[in-house]
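Heads up, the thing below is written out as structure tokens.
2 protein chains.
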Amino acid sequence: MDFEEVVQTRRSVHEYSDESIDDATLERIFELATLAPSGYNLQPWEFLALRDDDQKAALQAVANDQEHVTGADTTVVVLGNTDPMAHANSVFDDWLAKDYLPSEDVKNAVLGNVEAMAEMPEDDRRVWSTRSTALAAMSVMYAAWNEGVASCPMEGFDADGLVEAFDIPDGYEPVMLITLGYPADETADIENERKERRPVDEVLHIDEFNPTDDTVVADD
Amino acid sequence: MDFEEVVQTRRSVHEYSDESIDDATLERIFELATLAPSGYNLQPWEFLALRDDDQKAALQAVANDQEHVTGADTTVVVLGNTDPMAHANSVFDDWLAKDYLPSEDVKNAVLGNVEAMAEMPEDDRRVWSTRSTALAAMSVMYAAWNEGVASCPMEGFDADGLVEAFDIPDGYEPVMLITLGYPADETADIENERKERRPVDEVLHIDEFNPTDDTVVADD
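Here the protein sequences come in this chain order: A and B. In my numbering, each number is its position in the first sequence, counted from 1, plus 198. In my numbering, each number is its position in the second sequence, counted from 1, plus 198.
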């Protein structure tokens with residue numbers, strides 16, 4: 199699909215058809231999504247894709263009982279590793295092999311920077327992980343829609359309950375949920391007028407920051 | 199451009215040509231980017247686009263002196279409002295006008311949910327704001343590349359120094375920087391082999407979460 203069409207026609211969808219997403223399509227979505235950038239290319243993202251009905255039901259129970267969690271073919275728990283060092287060694291070996299780093303010494307210096315990041319307080323590491331992981335999450339939603347698969351991002355869930363229900367080890371931040379599935383015929387989520395966005399001249403500030411809290415949203 | 203081509207050819211670029219991004223192109227990039235989803239459509243994002251040379255130099259001074267901050271035509275400070283209530287009233291007026299909410303009473307109930315979010319500790323509100331703001335930031339980078347404008351996301355900067363240098367009021371989280379500009383001819387950032395990504399079968403977990411820290415990155 200044309201890029202602009204993907205962005206302009208993507209909507210958050212809550213009603214899905216019974217059609218299943220085949221494995222190859224799911225793989226293609228995540229293949230593209232993982233081309234997203236991340237700080238130092240550390241790629242803290244992990245995606246727990248729930249496809250089994252019982253698993254989706256267990257998620258719905260910790261997600262304010264929102265029905266599209268089980269209505270979707272696949273509901274993804276997007277997790278962020280809060281340890282910057284988790285994949286640093288292999289990532290920087292790749293940099294070295296591709297001449298992004300000139301020597302083993304420089305590699306060790308860069309590793310030192312990441313070690314320092316790993317010493318940040320937990321709250322800062324949560325923010326760090328959420329930042330890069332959300333870049334990949336956005337990419338999942340666009341890549342899905344490019345395949346005709348609709349999505350809905352969700353942040354309303356009980357993080358502690360989720361961690362317990364799915365045996366998530368310490369050190370992974372549940373960043374968001376994303377439901378994935380083919381949209382139901384004529385679902386209002388696609389047919390209805392899109393929810394208004396704050397206008398560009400309100401959110402884009404050239405050379406000087408003058409934010410306003412007085413959003414005027416057209417109600418035509 | 200075709201969606202897959204945008205995603206597959208987007209690279210993080212540090213070397214830019216002298217060509218300026220015209221205002222209409224910049225506006226089109228942010229117009230598309232703000233179609234990104236956000237929790238409750240609250241759109242906490244603000245974009246401070248520095249185009250003036252002195253302003254970009256002031257940013258470089260608080261961004262580890264990274265040269266592409268001034269080398270780029272435009273360097274964007276991506277900010278996230280940490281107050282979920284900031285735009286809630288106008289956003290939910292829009293929901294009411296478009297029948298996403300059935301009545302003023304339901305609108306007030308939803309506002310109550312957001313008021314509760316606004317009572318979260320500051321660290322949770324930083325995570326909240328970073329999550330939705332990063333969705334828009336990813337969209338900026340794709341929308342830019344669709345116009346031939348390259349980008350580079352950066353998280354290495356002195357947040358306190360930035361807030362002071364640009365008079366950012368309390369309550370805005372500096373989420374990341376994004377340089378924007380037309381790439382320099384034959385820049386290595388585009389010509390070089392892409393940095394490896396963790397493979398899909400490592401990051402995508404079906405129904406059961408089995409993360410590994412032993413990333414094997416091909417070094418071909």
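Virtual Cβ for every residue (Gly too), placed ideally from N, Cα, C. Please read all numbers here as calculations on a predicted model, not as lab measurements.
Straight across, the Cα-Cα distance linking Glu313 (chain A) with Val304 (chain A) is about 14 Å.
In the DSSP annotation of this structure, Ala222 (chain A) is not part of any beta strand (DSSP E); the continuous alpha helix (DSSP H) holding it starts and ends at Asp221 to Ala231. Bounds of the beta strand (DSSP E) holding Ala247 (chain B) are Trp243 to Leu248.
At a cut-off of 9 Å between beta carbons, Asp321 (chain A) contacts chain B. Note that the C-beta distance between Gly237 (chain A) and Ser330 (chain A) is below 9 Å. Bridge pairing for Ile376 (chain B): B:Val274 and B:Pro351 [DSSP]. Per DSSP, Ile366 (chain A) is not a residue of any beta strand (DSSP E), being assigned neither H nor E.
Here the alpha carbons of Glu302 (chain A) and Asn306 (chain B) stand approximately 59 Å from one another. The three-state secondary structure of His403 (chain A), taken from DSSP, is strand. Phe228 (chain B) belongs to the set of residues whose beta carbon lies under 9 Å from a beta carbon in chain A.
Contact of Ser210 (chain A) with chain B is assigned, a C-beta pair being separated by under 9 Å. By the Cβ test, the region 381-398 of chain A is not in contact with the region 271-289 of chain A, since fewer than three Cβ pairs between them sit closer than 8 Å. At least one beta carbon of chain B lies nearer than 9 Å to the beta carbon of Thr328 (chain A). For Ala307 (chain A), the enclosing alpha helix (DSSP H) begins and ends at Glu302 to Ala316. Going by DSSP, Leu294 (chain A) is part of the alpha helix (DSSP H) stretching over Ala286 to Ala295. Asn408 (chain A) and Leu402 (chain A) have their C-alpha atoms spaced approximately 9 Å apart. Taking 9 Å as the threshold, the shortest C-beta distance from Glu371 (chain B) to chain A falls below it. Distance between Thr377 (chain B) and Gly269 (chain B), taken at the CA atoms: about 9 Å. Residues of chain B with a Cβ closer than 8 Å to the Cβ of Met374 (chain A) are, in chain order, Arg329. Met318 (chain A) has a beta carbon lying at 9 Å or more from every beta carbon in chain B. Comparing alpha carbon positions, the residue from B:Leu230, B:Leu277, B:Asp297 and B:Val308 closest to Asn287 (chain B) is B:Val308. When DSSP states are grouped into helix, strand and coil, Ser210 (chain B) belongs to the strand group.
A Cβ-Cβ distance of about 7 Å is found for the pair Tyr340 (chain A) and Val205 (chain A), placing them in contact under the 8 Å criterion.
Asn262 (chain A) sits exposed, since fewer than 16 C-beta atoms from the chains shown fall within 10 Å of its C-beta. In this structure, Glu217 (chain A) lies near Gly379 (chain A), with their beta-carbon atoms less than 9 Å apart.
At a cut-off of 9 Å, the C-beta of Thr232 (chain B) has a neighbouring C-beta in chain A.
Around Pro351 (chain A), the same chain offers Ser210, Ala335, Met339, Met374, Leu375 and Ile376 as residues with beta carbons nearer than 8 Å, after the five sequence neighbours per side are excluded. For Glu371 (chain A), the beta-bridge partners assigned by DSSP are A:Gly278.
Going by C-alpha positions, Ile366 (chain B) is about 45 Å away from Ile219 (chain A).
Residues of chain A with a Cβ closer than 8 Å to the Cβ of Lys393 (chain B) are, in chain order, Asn239, Val289, Asp292, Trp293, Lys296 and Tyr298. Distances from the alpha-carbon of Val347 (chain A) to those of A:Pro319, A:Ala382 and A:Ala357 put A:Ala382 closest. Taking 9 Å as the CB threshold, Leu378 (chain A) stays off the interface with chain B. Asp387 (chain A) sits in a helix when the DSSP states are folded into three classes. By the rule that beta-carbons nearer than 9 Å mark a contact, Tyr214 (chain B) does not touch chain A.
Counting the other Cβ atoms within 10 Å of the Cβ of Pro235 (chain B) gives 16 or more, which makes it buried. Cβ contact annotation for Pro397 (chain B) (same chain, cutoff 6 Å, sequence separation greater than five): none.
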